[in-house]
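Going by my numbering, the residue at position 347 of the sequence shown is 350; the numbering climbs one at a time, nothing skipped. One structure is given below, encoded as structure tokens.
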Amino acid sequence: MTNSDKSNQMANAIRFLSADAVEKANSGHPGLPMGAADIATVLHTRFLKHDPKAPHWPDRDRFVLSAGHGSMLLYSVLYLSGYEDITIDQIKNFRQLGSRTAGHPEYGHAAGIETTTGPLGQGLANAVGMALSERIMNAHYGDKLVDHHTYVIAGDGCLMEGISQEALALAGHLKLNKLIVFWDHNNISIDGPVSLADNTDQCARFEASGWNSINVDGHDQDAIAAAIEKAHKSDKPTLIACKTTIGFGAPTKAGTNKVHGSPLGAEELAGARKALGWTSEPFVVPADILDTWRASGLRSAKEHAAWEQRLAATDAETRSEFERRIRGDLPGNFEATITAYKKKLSEDKPKVATRKSSEMALEVINGVIPETIGGSADLTGSNNTKTSQTQNISPDDYGQRYVHYGIREHGMAAAMNGMALHGGLIPYSGTFLTFSDYARGAMRLSSLMGIRVIYVLTHDSIGLGEDGPTHQPVEHLAALRAIPNNYVFRPADAVETVECWELALKSRKTPSTLALTRQNLPTVRTDHVDENKCAYGAYELAPASGKAVVTIFATGSEVEIALAARAQLEKDGHPARVVSVPCFELFEQQSEDYKRTLIGDAPVKVAVEAAIRLGWDRFIGLDGIFVGMTGFGASGPIEELYKHFGITAEAIVAAAEGKLK
Numbered sequence: 004m005t006n007s008d009k010s011n012q013m014a015n016a017i018r019f020l021s022a023d024a025v026e027k028a029n030s031g032h033p034g035l036p037m038g039a040a041d042i043a044t045v046l047h048t049r050f051l052k053h054d055p056k057a058p059h060w061p062d063r064d065r066f067v068l069s070a071g072h073g074s075m076l077l078y079s080v081l082y083l084s085g086y087e088d089i090t091i092d093q094i095k096n097f098r099q100l101g102s103r104t105a106g107h108p109e110y111g112h113a114a115g116i117e118t119t120t121g122p123l124g125q126g127l128a129n130a131v132g133m134a135l136s137e138r139i140m141n142a143h144y145g146d147k148l149v150d151h152h153t154y155v156i157a158g159d160g161c162l163m164e165g166i167s168q169e170a171l172a173l174a175g176h177l178k179l180n181k182l183i184v185f186w187d188h189n190n191i192s193i194d195g196p197v198s199l200a201d202n203t204d205q206c207a208r209f210e211a212s213g214w215n216s217i218n219v220d221g222h223d224q225d226a227i228a229a230a231i232e233k234a235h236k237s238d239k240p241t242l243i244a245c246k247t248t249i250g251f252g253a254p255t256k257a258g259t260n261k262v263h264g265s266p267l268g269a270e271e272l273a274g275a276r277k278a279l280g281w282t283s284e285p286f287v288v289p290a291d292i293l294d295t296w297r298a299s300g301l302r303s304a305k306e307h308a309a310w311e312q313r314l315a316a317t318d319a320e321t322r323s324e325f326e327r328r329i330r331g332d333l334p335g336n337f338e339a340t341i342t343a344y345k346k347k348l349s350e351d352k353p354k355v356a357t358r359k360s361s362e363m364a365l366e367v368i369n370g371v372i373p374e375t376i377g378g379s380a381d382l383t384g385s386n387n388t389k390t391s392q393t394q395n396i397s398p399d400d401y402g403q404r405y406v407h408y409g410i411r412e413h414g415m416a417a418a419m420n421g422m423a424l425h426g427g428l429i430p431y432s433g434t435f436l437t438f439s440d441y442a443r444g445a446m447r448l449s450s451l452m453g454i455r456v457i458y459v460l461t462h463d464s465i466g467l468g469e470d471g472p473t474h475q476p477v478e479h480l481a482a483l484r485a486i487p488n489n490y491v492f493r494p495a496d497a498v499e500t501v502e503c504w505e506l507a508l509k510s511r512k513t514p515s516t517l518a519l520t521r522q523n524l525p526t527v528r529t530d531h532v533d534e535n536k537c538a539y540g541a542y543e544l545a546p547a548s549g550k551a552v553v554t555i556f557a558t559g560s561e562v563e564i565a566l567a568a569r570a571q572l573e574k575d576g577h578p579a580r581v582v583s584v585p586c587f588e589l590f591e592q593q594s595e596d597y598k599r600t601l602i603g604d605a606p607v608k609v610a611v612e613a614a615i616r617l618g619w620d621r622f623i624g625l626d627g628i629f630v631g632m633t634g635f636g637a638s639g640p641i642e643e644l645y646k647h648f649g650i651t652a653e654a655i656v657a658a659a660e661g662k663l664k
């Protein structure tokens, strides 16, 4: 067998493992793995720096299958390369409940799956974050410890999704030259030819955004290799447009949408075997082909060993700090620093917006945690996400700590996912709460993957005032609270804000959203305690003078209003208590006894939040009083808006006393 024949058969191993797995599952997408098999073979056997025996090696190259529907391509190369998590039994159990080989790649299910992909374009945008992280870490630790590439296989659908433009424009602007994207250019989408809906010159689009583009025959392995070598020498990110045939080898379905998302069928699969000279039974790879694949998986073992030696030879302080950051541990002095800062806040009692409280907290946090990377979607002065420690990252200086993402909320959120997945950095960035709509696809994936990403979402209610209902979020808190495994924090003052930041930074497996005000709020936590009260999700802020007949639950800017209502109710002879509820999700994690006691048995329960009611019945019951929004906001000064919509202490008192009669 010639080298060319062997290379073809190595690609065929991917094709038939994939097609056979889809056939057995009677579900899946054989077209991409069959069409992109040559790309994956060249990349994984000749270029990708990885060690299947140490899959979490920090200096490995990252490979992202953005076109996640073609997941069997990834599972096949992981099995063939020798990753222990993906066995032949896992391949046989493709798409079955409990298998590691889910319908779309899921981060955490198996080593070698760098990110959860499937929603098209997300993987490409994740990869931008990974490539940026590599440059940031390289600026701090040098080529000896950090020097790797990020590779992506993206399909026509990935490039049609709007997030792709946000991502590729950012990558081009930042000159992330170690990012290489293979475009599986097969001209087929689910409905049929791409020309039904699109005729974009993708290479011209990438070039206009600061990329190189190279066109190759996606089935010519030597041409693919030459393109990768050229990309390695570039000072720009590179798109390698690989002209491929979807379902390559299938006698009647290749090149059509019929092979995109359905099994080939027994007859077509047999015909593909015959056409490509693959005589093995389903799920059997000839020993010589498997041995060659496994040998390729060992190709980087020496490089890994040399890296370990370089790490061991690094001075103890640098090595310890690098390893801490890769583990995701916070510095040892973090908690003590936060406690001391909280004590100062309770003494100083600042009256500032929680967006400003957040900036003040970040000034402390960024001083003690060097791996936080800030940013904003062109709202830095409004989000207050920049501090004295975070200067601008640029193509000329990756050693800084602030990313100007531009007006690209979705791309920003997805890039932060990639940064968190890369390791060594903790990303946070900001936009307005209402624009979480633009970021929501990536925010949902943060939660699905269980990664530490922090979203700073300011202008959190009608309290932003004159910008009006397009900018005033009303349903957004409920929408974000509806995402599983997502902490939504709405702090009431500067003390709660820093407590929420502490919780977000400690939360390794759950992303966090901080909903922050534009308007100034007084300090309501004036008595210092070391304990982080926000960790309970809800806690009694102000007790009743006797047995409570009214309990008022509130968040954020409405806690001040609730306290004023409590004072009036007490004056009127109605013992009332106020419960601050900074985080619904953490409250649900408390013991049943705590939750029952905290909610209490007051005959009148009121919730107040400048948002819709959805979610509040958990605290006040179906017959409780809700003081908040029932529709969209309006343009006007904040003082007038709260009165206009009836979110006032007087309204709370009137509603509560009306029910007490």
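All C-beta atoms in this analysis are idealised placements derived from N, C-alpha and C, irrespective of residue type, glycine included.
When the options are compared against residue i, the one with the closest alpha-carbon
{"i": "Ala174", "options": "Ser192, Met163, His188 and Thr153", "result": "Thr153"}
{"i": "Thr357", "options": "Gly603, Glu499, Pro514 and Leu625", "result": "Glu499"}
{"i": "Asp351", "options": "Tyr539, Thr526 and Val149", "result": "Thr526"}
{"i": "Arg447", "options": "Ala200, Tyr431 and Pro487", "result": "Pro487"}
{"i": "Gln522", "options": "Val184, Gln403, Leu644 and His188", "result": "Leu644"}
{"i": "Leu663", "options": "Arg98, Ile42, Asp159 and Val552", "result": "Val552"}
{"i": "Ala416", "options": "Gly426, Lys345, Tyr441 and Glu320", "result": "Tyr441"}
{"i": "Ala244", "options": "Lys181, Ala298, Asn369 and Ile42", "result": "Ile42"}
{"i": "Gln403", "options": "Asp381, Ile376, Lys598 and Leu382", "result": "Ile376"}
{"i": "Asp381", "options": "Glu374, Tyr405 and Ile329", "result": "Tyr405"}
Same chain, Cβ closer than 6 Å to residue i, neighbours up to 5 away in sequence not counted
{"i": "Glu478", "result": "Ile615"}
{"i": "Leu544", "result": "Val581 and Ser583"}
{"i": "Ala172", "result": "Ser212"}
{"i": "Ala170", "result": "Leu127, Ala128, Val131 and Gly414"}
{"i": "Ser449", "result": "Asn420, Val456 and Pro514"}
Coil, strand or helix - residue i by DSSP
{"i": "Pro196", "result": "strand"}
{"i": "Pro417", "result": "This sequence places Ala at residue 417; Pro is not what is there. Note: Ala417 maps to helix in three-state DSSP."}
{"i": "Gly126", "result": "helix"}
{"i": "Asn202", "result": "coil"}
{"i": "Thr295", "result": "helix"}
{"i": "Arg580", "result": "strand"}
{"i": "Cys586", "result": "coil"}
{"i": "Phe425", "result": "Correcting the residue identity first, residue 425 is His in this sequence and not Phe. Of the three classes helix, strand and coil, the one that applies to His425 here is helix, per DSSP."}
{"i": "Val630", "result": "strand"}
{"i": "Pro58", "result": "coil"}
{"i": "Leu177", "result": "coil"}
Buried versus exposed call for residue i [16 or more other C-beta atoms within 10 Å across all chains shown]
{"i": "Pro494", "result": "buried"}
{"i": "Met422", "result": "buried"}
{"i": "Asn2", "result": "Nothing can be reported for residue 2: it is not among the residues displayed for the chain, which extend from 4 to 664."}
{"i": "Asn489", "result": "buried"}
{"i": "Val562", "result": "buried"}
{"i": "Pro122", "result": "buried"}
{"i": "Phe635", "result": "exposed"}
{"i": "Val532", "result": "exposed"}
{"i": "Thr516", "result": "buried"}
{"i": "Gly145", "result": "exposed"}
{"i": "Gln12", "result": "buried"}
{"i": "Ile91", "result": "exposed"}
{"i": "Arg330", "result": "exposed"}
{"i": "Ala659", "result": "buried"}
{"i": "Asp54", "result": "buried"}
Close beta carbons around residue i, own chain, < 7 Å, minus the five adjacent residues each side
{"i": "Ile193", "result": "Asn260, His263 and Gly264"}
{"i": "Gly549", "result": "Pro578"}
{"i": "Leu177", "result": "Leu135 and Pro398"}
{"i": "Pro108", "result": "Leu68, Gly71, Ser74, Leu77, Ile116, Thr119 and Thr120"}
{"i": "Ala567", "result": "Ala652"}
{"i": "Lys359", "result": "Asn387"}
{"i": "Ala613", "result": "Ser464, Ile465, Gly466, Ser560, Glu561, Gly631, Met632 and Ile650"}
Any non-hydrogen atom of the ligand GDP closer than 7 Å to residue i Cβ
{"i": "Trp60", "result": "Of ligands this structure carries none, so the ligand GDP is not represented either."}
Residues of its chain near residue i, where Cβ-Cβ distance is below 8 Å and the 5 sequence neighbours each way are ignored
{"i": "Ile372", "result": "Leu333, Pro334, Phe337, Ile429 and Leu508"}
{"i": "His474", "result": "Phe435, Thr437, His462 and Leu467"}
I want to know whether the segment 126 to 135 touches the segment 50 to 70 - three or more CB-CB distances under 8 Å.
yes
Inter-stretch contact at 8 Å, needing at least 3 Cβ pairs: the segment 403 to 423 / the segment 309 to 326:
no
Looking at C-beta atoms only, is the number of pairs between the segment 16 to 36 and the segment 88 to 103 that lie closer than 8 Å three or more?
yes
Stretch-stretch touch, CB-based, cutoff 8 Å, three pairs: the segment 373 to 391 with the segment 456 to 474
yes
Could you say if the segment 192 to 210 and the segment 158 to 168 meet the contact criterion of at least three C-beta pairs nearer than 8 Å?
yes
Pair every Cβ in the segment 208 to 222 with every Cβ in the segment 264 to 274, then say whether three or more of these pairs are closer than 8 Å.
no
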